[in-house]
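K.L.:
Okay, so the sequence shown: first residue is 0 according to numbering that gives the first Met the number 0, each after it adds one.
For every residue, glycine included, the Cβ atom is placed at its ideal position computed from N, Cα and C.
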Amino acid sequence: MAHPAFRPLRVVTLLCALAGAAGCGTAEARDTPAAARKLHVIQGLGFPESVRYDSAQDVYFISNMAGPGSLKDGNGFIVRISAADLGRPEVLIEGGRNGVALDAPKGMAIAGDTLWVADIDVLRGFHRHTGAPLASIDLRPHGAVLLNDVAVGPDGSLHVTDTGIAMTDKGVMYRGGDKVFVIGPGRRVSLLAEGKDLGRPNGITWDPAGRRWIIVSFDPFRSEVYAVQPGQNVPRGRRRARCWRAGWASLTGWSGWRTGGCSSPAGRTAACT
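Here's what the structure looks like:
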C-alpha cells in the first residue's frame with residue numbers, strides 16, 4: 000500500500016490479557032497494569048487517529064489525519080484492513096478522490112451501511128463497503144471546534160464529542176466549547192451536555208447495562224472516564240481508567256501525542272490510547 004501522506008508511524012494490534020479481569024472492580028485490580036502481547040504491527044500510516052471494527056465484514060477501519068488534526072487540507076484518508084489478514088491494508092476512502100471531502104478524520108461509528116466519521120467540524124458519512132460519500136452534516140453553525148469521536152445510541156441517534164481544542168503544527172491548544180452533540184431524526188442537532196465540566200470530551204461509547212454514556216476526557220494532566228446520563232448535563236463517577244475488559248485491542252499512535260476511545264463489537268475491543 001502506497002500513499003503520499005504515509006509517515007514512519009504505526010498501528011499496533013494487540014491481544015490483551017488483563018490480570019484480574021474478573022475482579023475489575025477491586026482497588027488491586029484497578030492498580031494492576033494490563034499485560035498485552037503484540038500480534039502485528041502495521042507500519043507507515045499517516046497520523047492514524049482511530050480504529051473501528053466492523054463485525055459484519057470482519058475488518059478494521061483506521062482513520063488517518065495525514066497532518067495536524069485541525070488543518071483543513073483535504074488529504075485525510077481511511078484504511079480498511081481484514082482482521083484475517085492484517086498484513087494487507089487498503090485505502091478505502093481518500094480526500095480529493097471519487098468525490099470525497101476529508102480533512103483530518105478521527106473517531107468513527109457504524110450505523111447500517113454508513114460509516115460516520117468526525118472530521119474537524121463536520122460529520123461525514125461514507126458507505127462502509129464501497130467508501131462512497133453518502134452524507135455531510137455541518138456542525139459549524141452549532142459552534143463545533145474539534146469533533147473527536149462518534150457513537151450510535153440505542154435509538155439510532157448519533158452522539159459526537161467536541162473536545163474544544165485546536166491541533167496545530169505548534170501543538171494542542173485549548174479553545175473551549177466542550178460539547179457532546181446529538182444528531183437525531185431528520186438530522187436535527189441538539190446537545191447531550193456542554194461546558195468545562197466535560198474536561199475536553201474525547202472518546203464516547205454507550206453503556207447498555209447502565210443506560211448511560213461513558214466518556215473519556217482529553218485533559219493533558221488528568222485524563223478521566225466518567226458517565227453522563229441522558230437528560231443530565233453533569234458528568235458523574237469520575238475516575239482514572241486503569242482496568243479494561245479482556246479481548247482484542249487496536250492502538251494508534253501519531254506525532255508523539257496520544258488519544259483515547261473504545262468500542263466492543265462481537266467481543267473485540269478497538270481502542271486508541
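What does the alpha-carbon distance come out to for the pair I92 and L101?
P.N.:
Taking the first residue of the sequence shown as position 1, residue 92 is located at position 93. Taking the first residue of the sequence shown as position 1, residue 101 is located at position 102. Cα to Cα, I92 sits roughly 9 Å from L101.
K.L.:
In chain order, what residues of the same chain have a beta carbon less than 6 Å from the beta carbon of G130, not counting five sequence neighbours either side?
P.N.:
One-based indexing of the sequence shown puts residue 130 at position 131. Closer than 6 Å at Cβ, skipping near neighbours: L91 and I92.
K.L.:
Quick one: what does DSSP say L277 is sitting in, helix, strand or coil?
P.N.:
In the structure as shown, the chain begins at 0 and stops at 272. Residue 277 is therefore absent and cannot be evaluated.
K.L.:
Would you kindly work out how many angstroms separate the C-alpha atoms of V151 and A165, rounded to a whole number?
P.N.:
In the sequence shown, residue 151 corresponds to position 152, counting from 1. In the sequence shown, residue 165 corresponds to position 166, counting from 1. The alpha-carbon atoms of V151 and A165 are separated by roughly 25 Å.
K.L.:
Ordered along the chain, which non-local residues of its own chain (more than five positions away) have a Cβ less than 6 Å from that of D206?
P.N.:
Locating residue 206 in the sequence shown gives position 207, counting from the first residue. Same-chain partners within the cutoff: I213.
K.L.:
F180 to E193, Cα distance in whole Å?
P.N.:
Counting from 1 along the sequence shown, the entry for residue 180 is found at position 181. Counting from 1 along the sequence shown, the entry for residue 193 is found at position 194. If you take the alpha carbons of F180 and E193, they lie about 9 Å apart.
K.L.:
Which residues in the same chain have their Cβ closer than 6 Å to the Cβ of G124, if we skip the five residues on either side of it in sequence?
P.N.:
Translated into the one-based positions of the sequence shown, residue 124 becomes position 125. Hits under 6 Å: T113, W115, L133 and A134.
K.L.:
Quick one: grab the DSSP three-state call for R174.
P.N.:
Within the sequence shown, the letter at position 175 stands for residue 174. Looking at R174 - three-state DSSP - the assignment turns out to be coil, as it is neither helix nor strand.
K.L.:
Let me know the secondary structure DSSP gives G185 once reduced to three states.
P.N.:
As a position in the sequence shown, residue 185 is number 186, starting the count at 1. Correct three-state label for G185: helix.
K.L.:
Beta carbon of A103, beta carbon of G142: below 9 Å?
P.N.:
In the sequence shown, the residue the question calls residue 103 occupies position 104. In the sequence shown, the residue the question calls residue 142 occupies position 143. Result no, Cβ atoms of A103 and G142 do not sit closer than 9 Å.
K.L.:
Beta-carbon separation of R51 and G111 under 9 Å?
P.N.:
Residue 51 sits at position 52 when you count from the first residue of the sequence shown. Residue 111 sits at position 112 when you count from the first residue of the sequence shown. In this structure, G111 does not lie closer than 9 Å to R51 by Cβ.
K.L.:
DSSP state of R280, grouped into three classes?
P.N.:
With the chain represented from 0 up to 272, any question about residue 280 goes unanswered, as that position is not in the structure.
K.L.:
Is the Cβ-Cβ distance between V188 and L138 less than 9 Å?
P.N.:
As a working mapping, residue 188 is identified with position 189 in the sequence shown. As a working mapping, residue 138 is identified with position 139 in the sequence shown. Going by C-beta atoms, V188 is nearer than 9 Å to L138.
K.L.:
Can the beta-carbon of L190 be found closer than 9 Å to that of T162?
P.N.:
The residue you call residue 190 lines up with position 191 of the sequence shown. The residue you call residue 162 lines up with position 163 of the sequence shown. No, the Cβ-Cβ distance between L190 and T162 is not below 9 Å.
K.L.:
Which residue wins for smallest C-alpha separation from V78, given the options L70, D72 and Q42?
P.N.:
Mapped onto the sequence shown, residue 78 falls at position 79. It is Q42.
K.L.:
Would you report the Cα separation of V58 and I80, rounded to the nearest angstrom?
P.N.:
For the purposes of this step, residue 58 is identified with residue 59 of the sequence shown, where counting begins at 1. For the purposes of this step, residue 80 is identified with residue 81 of the sequence shown, where counting begins at 1. Going from the Cα of V58 to the Cα of I80 covers about 5 Å.
K.L.:
Under the three-state reduction of DSSP, which class applies to E223: helix, strand or coil?
P.N.:
Residue numbering aside, residue 223 sits at position 224 when the sequence shown is read from its first letter. Three-state result, E223: coil.
K.L.:
Select from Y173, K195, G185 and H158 the residue whose C-alpha is nearest the C-alpha of G202.
P.N.:
The residue you call residue 202 lines up with position 203 of the sequence shown. That would be H158, whose Cα lies nearest to the Cα of G202.
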